[in-house]
Structures are given as structure tokens and as C-alpha cells.
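**Q** Quick note, the sequences are listed as chains U, C and D, same order.
Residue 1 is where the first sequence starts when you use the working numbering, and the numbers rise one by one after that.
Residue 290 is where the second sequence starts when you use the working numbering, and the numbers rise one by one after that.
Residue 584 is where the third sequence starts when you use the working numbering, and the numbers rise one by one after that.
All residues carry an ideal CB built from backbone N, CA and C; glycine is no exception.
Every value quoted in this text rests on a predicted model; they were computed, and no experiment measured them.
Quick one: structure below, then a few questions.
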Amino acid sequence: MSWMQNLSNAMVLAAIYILMASGLTMVYGVLKVLHIAHAAVYTVGAFAGVLIYTWVGNFWLALFLAMVISGLLGIVIYRGTYFYMLDSPRTVPLIASIGLYVMITDLLQKDFLMGPYQRAFPAQGAGLPRIETRFFTLTPKQVLILLVAVALMALLYVVLTKTRIGLGWRGAAQDREMAASVGVNLNRVISLNFFLGSALAGAAGVLVGVYNNSVFATMGDVVSYKAFIIIVLGGMGSLPGAVLASIILAVAENFLVATVGYVLPRDAIAFLVLIVFLMYRPHGLLGKE
Amino acid sequence: MSDYVLSVAVFVGIWVTLALSLNILTGFAGQVSLGHAAFFGIGAYTSAILTANYGQSFWTGFALAILITGMTGAVLGLPSLRVRHDFLVLVTMGVNFVVVALFKYVDFFGGAMGIVNIPAPSLFGHTFRGGAPYLILVWVYALATLGVSWYLSKTWTGMAFNTVRLDEDAAAAVGVSVPRFKIYAFAISAALAGGAGSLYAHFIGSVFPDTFVFLESIAILSMVIFGGVGTLRGPIVGAIILKAAPEMLRFVQDYRFTLYGALLVLMMLFQPMGLLGDDSWLWTKLQRLFRKGS
Amino acid sequence: MAQLPSQSIPTLTPESPPRLEVRSVSKRFGGLQALKDVNIIHERGILGLIGPNGAGKTTLFNIISGFLKPTEGQVIFNGQAIHTRRPHQIVEMGIARTFQIVKPFADMTVRENVISGLGMPIYPRWLALVQRYRTPATLQASEAILRLTDLTVWAEARAESLPIGLQRRLEIARALATGPRLLLLDEPAAGLTAAEAEDLAQLIRTLNAQGISIIVIEHNMTFAMGLCHRIVVLAQGEIIAQGPPEQVRHDERVINAYLGQEDDNA
Numbered sequence: 001m002s003w004m005q006n007l008s009n010a011m012v013l014a015a016i017y018i019l020m021a022s023g024l025t026m027v028y029g030v031l032k033v034l035h036i037a038h039a040a041v042y043t044v045g046a047f048a049g050v051l052i053y054t055w056v057g058n059f060w061l062a063l064f065l066a067m068v069i070s071g072l073l074g075i076v077i078y079r080g081t082y083f084y085m086l087d088s089p090r091t092v093p094l095i096a097s098i099g100l101y102v103m104i105t106d107l108l109q110k111d112f113l114m115g116p117y118q119r120a121f122p123a124q125g126a127g128l129p130r131i132e133t134r135f136f137t138l139t140p141k142q143v144l145i146l147l148v149a150v151a152l153m154a155l156l157y158v159v160l161t162k163t164r165i166g167l168g169w170r171g172a173a174q175d176r177e178m179a180a181s182v183g184v185n186l187n188r189v190i191s192l193n194f195f196l197g198s199a200l201a202g203a204a205g206v207l208v209g210v211y212n213n214s215v216f217a218t219m220g221d222v223v224s225y226k227a228f229i230i231i232v233l234g235g236m237g238s239l240p241g242a243v244l245a246s247i248i249l250a251v252a253e254n255f256l257v258a259t260v261g262y263v264l265p266r267d268a269i270a271f272l273v274l275i276v277f278l279m280y281r282p283h284g285l286l287g288k289e
Numbered sequence: 290m291s292d293y294v295l296s297v298a299v300f301v302g303i304w305v306t307l308a309l310s311l312n313i314l315t316g317f318a319g320q321v322s323l324g325h326a327a328f329f330g331i332g333a334y335t336s337a338i339l340t341a342n343y344g345q346s347f348w349t350g351f352a353l354a355i356l357i358t359g360m361t362g363a364v365l366g367l368p369s370l371r372v373r374h375d376f377l378v379l380v381t382m383g384v385n386f387v388v389v390a391l392f393k394y395v396d397f398f399g400g401a402m403g404i405v406n407i408p409a410p411s412l413f414g415h416t417f418r419g420g421a422p423y424l425i426l427v428w429v430y431a432l433a434t435l436g437v438s439w440y441l442s443k444t445w446t447g448m449a450f451n452t453v454r455l456d457e458d459a460a461a462a463v464g465v466s467v468p469r470f471k472i473y474a475f476a477i478s479a480a481l482a483g484g485a486g487s488l489y490a491h492f493i494g495s496v497f498p499d500t501f502v503f504l505e506s507i508a509i510l511s512m513v514i515f516g517g518v519g520t521l522r523g524p525i526v527g528a529i530i531l532k533a534a535p536e537m538l539r540f541v542q543d544y545r546f547t548l549y550g551a552l553l554v555l556m557m558l559f560q561p562m563g564l565l566g567d568d569s570w571l572w573t574k575l576q577r578l579f580r581k582g583s
Numbered sequence: 584m585a586q587l588p589s590q591s592i593p594t595l596t597p598e599s600p601p602r603l604e605v606r607s608v609s610k611r612f613g614g615l616q617a618l619k620d621v622n623i624i625h626e627r628g629i630l631g632l633i634g635p636n637g638a639g640k641t642t643l644f645n646i647i648s649g650f651l652k653p654t655e656g657q658v659i660f661n662g663q664a665i666h667t668r669r670p671h672q673i674v675e676m677g678i679a680r681t682f683q684i685v686k687p688f689a690d691m692t693v694r695e696n697v698i699s700g701l702g703m704p705i706y707p708r709w710l711a712l713v714q715r716y717r718t719p720a721t722l723q724a725s726e727a728i729l730r731l732t733d734l735t736v737w738a739e740a741r742a743e744s745l746p747i748g749l750q751r752r753l754e755i756a757r758a759l760a761t762g763p764r765l766l767l768l769d770e771p772a773a774g775l776t777a778a779e780a781e782d783l784a785q786l787i788r789t790l791n792a793q794g795i796s797i798i799v800i801e802h803n804m805t806f807a808m809g810l811c812h813r814i815v816v817l818a819q820g821e822i823i824a825q826g827p828p829e830q831v832r833h834d835e836r837v838i839n840a841y842l843g844q845e846d847d848n849a
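Printed below as a string of C-alpha cells:
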């Protein structure tokens, strides 16, 4: 494979990482909570996507509704748990988050929901074209992922920089109390934050489901741990950092696997890299003390 | 006692030990770990390899499992010197993944097939696989772990753990070397979990990587938190309830992790100090009852 | 308050005075110059460290006590360089400190807080693993320190339940328990009433009379002037004046520094 092809494959992977990690880092930015249940939201998104797609047969509608459902689930999680733990020691929401994740993932595996097996998600490329150039080829599925990710991130950028609520979010990420004291409606800002972040995770779930043509209850495991690695590398709570780290990790993974092969699965390597990296920079790539 | 009840009792004993050992790290020294199953696994594999592949006796395997896991714990605790809080949580999680991946992908550890034909322990020429003697062995070890925990909490080491948990800067200001005592906590906690791993391996007779995954770490942490982190009664009661209930009740077995998850969430919402933690509803009631009775 | 205990506290043994030398210490945080070429020598007595907000007083404390490393310069204590050592090693050498934002061990009782400091000589040894911390000796020593700091009635209360003034005193008690030759107090009088502040000043004088050298960061000029034998004034990371209180009080640069700050606040 040419290095250009490798790079374009890495960008597709990076797009998924970005969608997944940006929600996570947004939550961390405002609440300082390690939102482990984010992975469950991602899986729920994929599950909702495949169900709706099977019913109505329209991928774009399925994607949209899956994002709405994931977003609402995010708000429910916030209002039902973290909301009551804002002033508790940080281990309290962390443990609750682990609980949520374990509970939702386990419930999803029950027969009345997804069951313990994989479902196909045969949306193909949603009718998008294949792109072939002299240097690289993008399959319709890859085009779909890039397109959706770029569009969503552009939308997120506009929301965060051009709207009042976005400014409120950035204020809250700087200093929660200060933002509240200058009249930012914290509750609304955080709820919206959860909605947006969770909707992005839901979109990531749908896209990965389509890409692998498979949706299953524990599909969130690996991706979510990856997302944590990314937000650590990006300096917890920094959105540009998360985007940068997503790209770096995706490129590194693709080229490592392509050039040296591996003795350990790539996820273990990613964690090893994380641990070594943290020893060197305990506060992340762009993180401050 | 039927074999079934017996084996449940053995499992409960092993998990009581695991919960108590994690409690030393998390409850005493304040280092939240999502990777305790890695130490459980290292102990199990150490003992399994020494006995099944190198013909050592159970007792050698058991002792070396404690020793080697303790030393590994000290090494794997090194990251805790550089990172704190959420970063540490992620690092312990990562350590768990890497350790399981090593078990799975390195031939020395038997790969995905694990290690089988682990011999049963023998004492005075009697071999005992399972049975009442094994149950006694497991619970003697659990009690020893309890004893170590209790005594530790009375010593200067326990005091130093407390200072590290409550405020690292203030700990340094009273002369506590924070890194040193974090490593102690990791080593002691890991060593005790390593012994539990050995007992597990020789009871089952085989070990597989999938037993020691991240989800098991969460289960052990759940027991500690559910019962009441930092106390001695908490992890014991937590482990007994959360380990025995799924074995006893079919419904609970099917929904084991749903239950763990829901319990953790509810606990954090209403009793963040755990079922029997200091100042918890139940513990306050019990204390009042006890005082009235006496 | 602050009656001397009838029997002397074993950890407080007056010897030849300790000598602290801060030699051309500078500290930069990124682009910010927090300290610039600071030189201080302190032996016996009570040294006041004053200056407007952001002058670098706490930064200097953090450097002396090992929580920060100086960008340049050295800190010498009794002839040994300590700026390369870690905080707990500096405590072992006989320098104890309190924190501006109090950090008592919240879950422990007041007595346990004091006992935690008594462990200073034991923590570095392997024996720490097996020795119990509650012994007649530690109980007696903690009792003496509690009496000295007038905390006896609170001995069994949880540290976090104490009002802020008492928490500040508890920090001093805990620092004393480590048996310091030099005590660094970071704004001990902040948030105290005038009467409480006078009690505190009395306690500090008593400790100094027992042979403990003291450096105290103080925001309140009047309090510092009344307490300290010598005063060092920091402004924007530099020493702008030092000497006896009377002299410093009339120093033009000091007056300007403080007036300038008031202008900023207005």
C-alpha cells in the first residue's frame, strides 16, 4: 500500500476518533468527570441506527434519529446522575459512570434488546460515490465517514464559537463558578453539552456499525478506551487537542501496523504508548499543570 | 456441605481477599485502581506456570505468587508517582489491558488457551482439590489479609497512607515520602491479590486470560465501594453480597453486571460512602442498635 | 493562652540556632518572573516576609520547603544545599511549614493530625511498616503540643469540623510535631479576629523563645510589625527593603509598593 493510501485510511480512522473523543473531552472540560458511560452512548447510537435503518430503510434519517436518541440519553445520564454529584469528590461521579457503563452494556446484551450477537448494518455507503485518484482510493463507506465527520465538526465549531450557548460552554469549561456568577445558565449549558457530545458519539457508533457492517453490545469497549487515550494525549478538556491527538493516534496506528507489524494487539500498544507518554508528560500533550 | 455450596464459599473467600487487598490501595492510600484484576491474574499465572510447567509444589507457587505479584505491583505502581487522579485511573486501566494482552499473545503464558493441569495442593502427603480443607485454606488466607489490613491501619505505614490519601502536599509537609508510600501500597495490595490468584488457579485447575480482564477489575472495585471503601467491614460485606448473590439466584446471575452497575450508580447517588461506610445510613443504625443492646 | 507546658516537649530541643541562606534565588513560570535574585539570611528570631499580592512570598516558601525548584540560585540550611531535595527530606532536616490555604487531614481527629507529624523520624525507616503509631510516648507528646497550641479541648474532634482559625492553629501544631528548627508560617493570622491574632502572636513568640526560628508571611502590616524582629519586603519578585520593622515602615519604596497596590485595587 502506498503511503498516501495509508494516510487516507488513517484519516478515516481519525474521523471516527474525533467524533468519539470530542464529546468525551467536552464533558471533561465542563464537569471534570471521566465519562466512561460515553461508550455506552456510542453503542446505543449504533443500535438505534441499525433498528431505524431496518424499519425505514433511509440511512440519513436513521443517522439523524440515532443522534437525537443518543443526545437525549446523554441528557438523561447527566440529569439523572452527574447533576447530583457536581460537588462530590471526583471519585463519586467516576464510579457512577463505571456503573452506568456496565449496566447499559449488560442490558443491551439481553435478548429483549440486542442480544449477545452481532447485527449487520448493510447501509453500504448510503449511495455515495467511490473516489479513486492516482494515489489513493476511498470506498463509499470511507467517503461517508469523512463527509459526516467533517460536516458535524464544522457544525460543532459554529455552535461553540458563534452562539451564546457555545460561549457559555467555553466559559464554563474555564471556570464553572465564575461562568455561573456572570449569568451563564450552567444547567442548560451542561445539558446541551451532553446532548451535542452524546449525539456525536451516536453518530460515531452508526458510522462504525456501517463501516464494519456489524453492531454488537460490547462494540464500545475498545473505542471508548481509545477515546480516553486521545483525550489524555490531547490534554483533558481541550477540543483542538483531542482533534490533534485523534489524527496522531490514527496515523501512528496505521503506519505502525503497516511497517513493523505487531506482537501485541494494536489496542494494547496504544495503551502502552499512553502509559509511557504519561510518564513523560503527566498532563497530556497540550495540557497545563 | 454440597460441592456446590462449598465452591461458592471458596469463591467468596477469594473475592473477599481481593476486595480487602484493593481496599489497602484505594481505601487506605487513596489510589483508585481500575486494574486490580491484573494483579489477581499475575498471581494466578505465576503459581500456574511454576507448578504446571516447572513442577514446583503448590506451596512454592503460592509463596512466589505473593512475592512476584508484590514486586510487579511495586513496578506497576511507578506510574502513580507521575500521574494523579483521573490520569492514574486511566493508567491502571491501561495496565490491565496490557497485562491481559501479554497473557493472551505471549506463548510463555499459554496464549488464549491459558494454562491447564494445574496441580492441587498437598499437605503431609494428602492432596486436596476442593473440599473442606481447601475451603479452610482459602478462608485462613482471607483472615490473614484481614489481619494484615487491620494491623496496617494501626501502624505508621497506615498513618502515612492516610496522609497520602487525604492531602499529598500536607503528607510531604509532615515528612511522608509520598512516592515511597504509594509504592508500598501498590506492593502490599498486589502481593495479597497475588496470593488470591494462586488460590484461584489451584482451585479451578486452569487459568485463562479472560478471567482477569478490566470488567473483573470493575467487579472488585464495585465490591469495595458498595460495602464501604476504607473500612474493613465494607469490602468483606461487599464481596460476600456481590459474589454470593449471583451464585445463589439464577436471575441475579443473568443480570449480574446490570446489578453491579445499578448498585454502583444508586450507591453513588444516595450513599457515596458505601453500605457500611462511616456515617452511612445502615452503619449509623447498626451502631445505635448495638449501643442500645449493650 | 499559650502556657508553656510543665515538662518540655522532647522534640523541641534548643541547640545552636539554625541558619537558612537563600542565595540569589530566581523562579520563572513560563514568561512570568515570580522571584528575581532573592537573597535572605535568617538565623534566630522571627522574620516577617511581607509584600503586596503576587509579590512571590508563597513561591519563596514553596522553594524553601522543596515544593518548587528554583530556576536559579541555592537554598542552604545549616551548611547543606536543600533546594535539590524533596519536601519530605527538607522536613527531616528540620524545616516545617504551614499552608496559606489550610490543609489539615480532614478525616482525622485533631490529635491524629498532630501524631501524623510525630511520625516524621519514623516514616523514612523500614520499621514504619510494623510499628504502631498510638503509643504512650506519642500520646504524651501530642498532648503537650495540643496544650501548647491550646487545642486540648478539640483533641478528639474531626479536623474538618473546626473553624478556620483553629484549623490554622492545628497546622502549626502539626508542623511543631515534626520537631522543626525552622518554622515557615504562611499567613497564619488570615481570617482571625484581633484577639485571636494577638493569641497567635503570643504563641509564635513562645515558640521562638524555645529556640525555633520562624519566618512568617503576613499580609497585615500592623500584625507583622508588632511580631517580627526583622522584615523582608518583596514586591514583584524582588526584595525592595529589609531591616527592623521601624526602618522598613518608613522606607519610601515600601510605602510606594503598598500605595501602588492600593491604587490598583481602587
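How about residue 383/C and residue 274/U: are their beta carbons less than 7 Å apart?
**A** Their beta carbons are under 7 Å apart, which means residue 383/C touches residue 274/U by this criterion.
**Q** Does the contact criterion of 3 or more C-beta pairs under 8 Å hold for the stretch 774 to 783 of chain D versus the stretch 738 to 752 of chain D?
**A** yes
**Q** Please list the residues of the stretch 432 to 459 of chain C that have a C-beta atom closer than 9 Å to any C-beta atom in chain D, keeping them in chain order.
**A** Result list: 440, 441, 443, 444, 445, 446, 447, 448, 449, 451, 452, 454, 455, 456, 458 and 459.
**Q** Comparing the C-beta of residue 685/D with each C-beta of chain C, is any distance below 7 Å?
**A** So no, residue 685/D is outside the interface.
**Q** Residue 664/D by DSSP, collapsed to three states: which one?
**A** strand
**Q** Decide if the stretch 201 to 219 of chain U is in contact with the stretch 112 to 124 of chain U; the criterion is three or more beta carbon pairs, one per stretch, under 8 Å apart.
**A** yes
**Q** If you draw a straight line from the C-alpha of residue 158/U to the C-alpha of residue 544/C, how long is it?
**A** 43 Å
**Q** Run through chain C and tell me which residues come within less than 9 Å of residue 225/U, C-beta to C-beta.
**A** Here the neighbours are 379, 382, 383, 386 and 503.
**Q** Quick check: does the Cβ of residue 779/D come within less than 6 Å of any heavy atom belonging to the ligand GDP?
**A** Of ligands this structure carries none, so the ligand GDP is not represented either.
**Q** Could you tell me which residues DSSP pairs with residue 604/D in its beta bridges?
**A** 624/D and 659/D
**Q** Along the stretch 231 to 243 of chain U, what residues have a CB closer than 8 Å to any CB found in chain C?
**A** Using a CB distance below 8 Å, the part of the stretch 231 to 243 of chain U facing chain C consists of 232 and 236, ordered along the chain.
**Q** Which residues of chain C have a Cβ atom closer than 7 Å to the Cβ of residue 705/D, listed in chain order?
**A** 445
**Q** In terms of DSSP beta bridges, what is residue 590/C paired with?
**A** With chain C running from 290 to 583 in the structure shown, residue 590/C is simply not present.
**Q** Could you tell me which of 535/C, 411/C and 466/C sits nearest to residue 702/D, measuring between CA atoms?
**A** 466/C
**Q** Where does residue 821/D sit, in a helix, a strand or coil, going by DSSP?
**A** strand
**Q** Spatial neighbours of residue 820/D within its chain, please: C-beta separation below 6 Å, excluding the five flanking residues on both sides.
**A** 616, 617, 618, 619 and 639
**Q** From residue 622/D to residue 604/D, what distance separates their C-alpha atoms?
**A** When rounded, the distance between both Cα atoms is 7 Å.
**Q** What are the complete alpha helix (DSSP H) segments, minimum 4 residues, inside the stretch 444 to 531 of chain C?
**A** 445 to 455, 457 to 462, 467 to 493 and 503 to 516
**Q** Reducing DSSP to helix, strand and coil, say where residue 38/U ends up.
**A** helix
**Q** With distance defined between alpha-carbon atoms, name the residue in 409/C, 395/C and 485/C nearest to residue 429/C.
**A** 485/C
**Q** Establish whether the CB of residue 462/C and some CB of chain D are separated by less than 7 Å.
**A** yes
**Q** Excluding the 5 residues flanking residue 378/C on each side, which residues of the same chain have their C-beta closer than 7 Å to its C-beta?
**A** Answer for residue 378/C: 321 and 323, listed in chain order.
**Q** Residue 507/C versus chain U: which residues are under 8 Å apart at the beta carbon?
**A** 98 and 102
**Q** List the residues of chain C that residue 675/D touches, going by C-beta distances under 7 Å, in chain order.
**A** 464
**Q** May I have a chain-ordered list of the alpha helix (DSSP H) segments no shorter than 4 residues that lie completely inside the stretch 175 to 207 of chain U?
**A** If we require 4 residues or more, the alpha helix (DSSP H) runs fully inside the stretch 175 to 207 of chain U come out as 176 to 181.
**Q** With residue 569/C and residue 336/C assumed to form a contact (beta carbons below 8 Å), what rounded beta-carbon distance in angstroms separates them?
**A** That belief does not hold up - the Cβ atoms of residue 569/C and residue 336/C are roughly 37 Å apart, past 8 Å.
**Q** For the structure I just gave you, are there three or more beta carbon pairs, one from the stretch 39 to 56 of chain U and one from the stretch 198 to 210 of chain U, closer than 8 Å?
**A** yes
**Q** In chain U, which residues lie with their C-beta within 8 Å of the C-beta of residue 368/C?
**A** 275, 278 and 279
**Q** What does residue 84/U reach in chain E if we use C-beta pairs closer than 7 Å?
**A** Among the protein chains of the structure shown, namely U, C and D, there is no chain E.
**Q** Strictly below 8 Å CB to CB, what residues from chain C border residue 682/D?
**A** 458, 459 and 462
**Q** Determine the closest residue to residue 166/U out of 239/U, 144/U and 114/U, with distance taken between C-alpha atoms.
**A** 239/U
**Q** Does DSSP classify residue 271/U as helix, strand or coil?
**A** helix
**Q** To the nearest angstrom, how far is it from the Cα of residue 439/C to the Cα of residue 328/C?
**A** 21 Å
**Q** Inspect the beta-carbon positions of residue 828/D and residue 838/D and report whether they are closer than 7 Å.
**A** no
**Q** Compare the C-beta of residue 372/U with all C-beta atoms of chain C and state if any pair is closer than 7 Å.
**A** Because chain U spans 1 through 289 in this model, residue 372/U falls outside it and cannot be assessed.
**Q** Within the continuous beta strand (DSSP E) that includes residue 799/D, where are the two ends?
**A** Start and end: 796 to 800.
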